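Peer 1:
Residue numbers (our numbering): 4 to 286.
(1) By the DSSP assignment, the beta strand (DSSP E) with residue 181 in it spans what residues?
(2) List the whole-angstrom C-beta distance separating residue 141 from residue 164, where the pair is believed to meet the contact cut-off of C-beta under 8 Å.
(3) Just checking, does the segment 177-185 make contact with the segment 220-228 on the three C-beta pairs under 8 Å criterion?
(4) Once you ignore the five residues that flank residue 98 on each side, which residues in its own chain have a CB closer than 7 Å to its CB?
(5) For residue 187, report the span of its beta strand (DSSP E) as first-last.
(6) Go ahead and pull the three-state DSSP assignment for residue 79.
(7) Does DSSP classify residue 280 as helix, strand or coil?
(8) Are the segment 33-47 and the segment 255-268 touching, with three or more C-beta to C-beta distances below 8 Å?
(9) How about residue 271 and residue 55: do their beta carbons lie closer than 8 Å?
(10) Is it right to say residue 275 is buried, meaning 16 or more other beta carbons lie within 10 angstroms of its own, or is it exposed?
(11) Which value, in whole angstroms, describes the spacing of the CA atoms of residue 106 and residue 79?
(12) Quick check on this structure: which residue in 67, 109, 111 has the alpha carbon closest to the alpha carbon of residue 92?
(13) Counting only runs that start and end within the segment 30-61, where is the beta strand (DSSP E) found for 3 or more residues in a row?
(14) Looking only at its chain, what residues have a beta carbon closer than 8 Å to the beta carbon of residue 21, apart from the 5 residues adjacent to it on each side?
(15) Of all the options 45, 25, 49, 63, which has the alpha carbon lying nearest to the alpha carbon of residue 15?
(16) If you check the beta carbons only, do residue 161 and residue 137 fall under 8 Å apart?
(17) Taking residue 127 as part of the alpha helix (DSSP H), name the residues at either end of that continuous run.
(18) Is it the case that the Cβ atoms of residue 65 and residue 19 are separated by a distance below 8 Å?
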């Protein structure tokens with residue numbers, strides 16, 4: 004089964020504002036190097052046989068490159084993100100139009116006067132492991148939206164609270180590998196979140212702080228191949244022991260903005276660990 008991945012070239016990527024602890028407008032991204040790093044990741048993913056679809060970049064939207072935040076894809080439905088920070092809110096109509104133009108049913112939250120109006124930042128904060136959708140909240144997405152997500156999509160949702168501002172999205176500290184296996188950084192979660200993950204997922208790989216800070220959990224999984232930023236050697240050794248094929252590729256220019264491999268991609272056919280993927284994705 005061919006993986007389908009949405010990416011956006013970094014033509015307008017840069018550190019133009021500060022909305023997470025990694026960003027510093029005085030530490031500019033090297034645009035040429037960022038482009039080189041993005042191209043290398045694109046080539047690696049294309050080398051797996053994945054079908055890479057490209058979202059046209061838009062001037063004035065430097066974080067559009069982080070397509071993981073476009074929305075939550077479930078089968079051929081797309082729940083489009085509602086960004087918390089004004090600097091990113093212009094991305095939502097761009098993502099909405101792309102989904103509609105490419106055959107997805109666009110699913111909307113209820114309007115504010117009907118109990119909606121929540122902040123929700125897509126696959127950055129919502130990841131399937133098996134038939135369960137783990138949904139991060141506090142930093143960027145609202146816990147109150149999770150019940151509506153479950154109702155809209157007809158899925159089981161487990162909300163988990165993020166408590167460290169450096170790990171502001173779920174995908175910075177949690178990466179499902181298969182239906183019963185995931186990478187995670189436990190200190191990023193509150194006690195309930197840790198217990199919920201431990202009680203639901205049989206096989207967990209905990210990363211050390213030094214590798215969490217290299218965005219080890221922000222990985223792209225295609226089959227048994229796992230792609231991460233450099234500097235995640237202990238995680239890679241553990242992955243090899245478990246039968247995975249890890250690959251490191253430099254992504255430090257994107258780390259300056261608080262993102263890495265996973266942030267730069269959106270699986271259009273479902274994350275590798277999603278139990279619905281095999282039954283509902285086209286061959």
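No residue lacks a Cβ here, since even glycine has one placed at the ideal position from N, Cα and C.
These figures come from a predicted structure and were not determined experimentally.
Peer 2: Short version:
(1) Looking at the DSSP string, the run of the beta strand (DSSP E) that includes residue 181 is 177-181.
(2) That belief holds up - the Cβ atoms of residue 141 and residue 164 are roughly 5 Å apart, short of 8 Å.
(3) The segment 177-185, when compared against the segment 220-228, does touch it at the 8 Å Cβ threshold.
(4) Excluding sequence neighbours, residue 98 sits near 73, 74, 83, 84.
(5) From DSSP, the beta strand (DSSP E) with residue 187 extends over 184-187.
(6) Note: residue 79 maps to coil in three-state DSSP.
(7) The answer is helix: DSSP assigns residue 280 an H, G or I state.
(8) Yes, the segment 33-47 touches the segment 255-268.
(9) Taking 8 Å as the Cβ cut-off, residue 271 and residue 55 do not qualify as a contacting pair.
(10) When all chains shown are included, residue 275 counts as buried.
(11) Spanning the two alpha carbons is a distance of roughly 8 Å.
(12) The candidate whose alpha carbon is nearest that of residue 92 is 67.
(13) With a minimum length of 3 residues, the continuous beta strand (DSSP E) runs that stay inside the segment 30-61 are 54-57.
(14) Within the same chain, residue 21 has close Cβ partners 27, 28.
(15) Just measuring C-alpha positions, the residue of 45, 25, 49, 63 sitting nearest residue 15 is 63.
(16) Cβ atoms of residue 161 and residue 137: closer than 8 Å.
(17) Here residue 127 belongs to no alpha helix (DSSP H), and DSSP marks it neither H nor E.
(18) Taking 8 Å as the Cβ cut-off, residue 65 and residue 19 qualify as a contacting pair.
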